[in-house]
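One structure is given below, encoded as structure tokens.
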Ligand code: DQA
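Shown next, in the form of structure tokens:
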């Protein structure tokens with residue numbers, strides 16, 4: 002099975018960006034942890050991060066036909082991007098939406114997501130552990 006991890010804008014700065022909200026783990030740390038889990042479960046991961054909306058959409062398109070599931074932290078595009086929502090709907094790849102912070106405990110503009118109603122599930126507020134939780138969920142989901 003193939004699972005894609007997609008991170009959106011500013012998530013390349015994880016570890017140094019507002020650590021009170023997002024923690025001290027870098028995206029490379031997180032990727033390494035996820036690769037460790039994937040290796041144990043015999044699944045292949047691909048890692049993607051883009052700051053631009055178009056690049057994220059192109060990434061989603063390129064996954065069609067070669068990826069079984071997506072773990073997506075779309076960053077602020079979560080709250081703004083109908084185009085990213087449409088791309089996910091177009092490729093028909095089930096996805097889990099992840100947010101490091103608890104978006105519901107933050108500004109009201111973070112409470113709405115253009116993605117959540119299309120997601121298999123949503124994880125928010127578990128810190129960077131949320132990516133690991135999402136991966137374990139996806140592994141289980143793909144074996145049923
Ligand atoms: C985020 C939450 C978003 O509101 C924010 O714009 C981000 C990160 C999170 O992981 O908590 O960039 O998706």
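Residue numbers (full-length UniProt numbering): 2 to 145. Beta carbons are placed, not taken as given, at the ideal position from N, Cα and C, and that holds for glycine. It should be emphasised that the depicted structure is a prediction, and the values quoted were computed from it without experimental measurement.
Sub-8 Å separation of residue 117 and residue 80 beta-carbons: Position 116 of the chain shown, counting from 1, holds the residue named residue 117. Position 79 of the chain shown, counting from 1, holds the residue named residue 80. In this structure, residue 117 keeps its C-beta atom at 8 Å or more from the C-beta atom of residue 80.
How far does the beta strand (DSSP E) with residue 40 in it reach, from first residue to last? The residue you call residue 40 lines up with position 39 of the chain shown. Premise fails: residue 40 lies in the alpha helix (DSSP H), 28-41, not in any beta strand (DSSP E).
Mapping DSSP to helix, strand and coil, what is residue 57? For the purposes of this step, residue 57 is taken as the residue at position 56 of the chain shown. Of the three classes helix, strand and coil, the one that applies to residue 57 here is helix, per DSSP.
Check residue 89 in the structure and name its three-state DSSP category. Along the chain shown, read from residue 1 onward, the residue named residue 89 stands at position 88. In this structure, residue 89 counts as helix in the three-state DSSP scheme.
What first and last residue would you give for the alpha helix (DSSP H) that runs through residue 134? Your numbering for residue 134 matches position 133 in the chain shown. That run of the alpha helix (DSSP H) goes 130-143.
Quick check: does the Cβ of residue 106 come within less than 7 Å of any heavy atom belonging to the ligand DQA? Residue mapping note: residue 106 aligns to position 105 of the chain shown, counting from 1. No, Cβ of residue 106 sits at least 7 Å from all heavy atoms of the ligand DQA.
Any 3 or more C-beta pairs closer than 8 Å across the region 67-81 and the region 6-20: Counting Cβ pairs under 8 Å, three or more are found: they touch.
As assigned by DSSP and simplified to three states, the class of residue 83: Here residue 83 is taken as the residue at index 82 of the chain shown, counted from 1. Reduced to three states, the DSSP call for residue 83 is helix.
Look at the alpha carbon of residue 98 and the alpha carbon of residue 112, and state the distance between them as a whole number of angstroms. As a working mapping, residue 98 is identified with position 97 in the chain shown. As a working mapping, residue 112 is identified with position 111 in the chain shown. Roughly 13 Å between the two C-alpha positions.
What first and last residue would you give for the alpha helix (DSSP H) that runs through residue 22? Position 21 of the chain shown holds residue 22. Where residue 22 is concerned, the enclosing alpha helix (DSSP H) stretches over 20-23.
Local conformation of residue 73 per DSSP, three classes: Walking along the chain shown from the start, residue 73 turns up at place 72. Reduced to three states, the DSSP call for residue 73 is strand.
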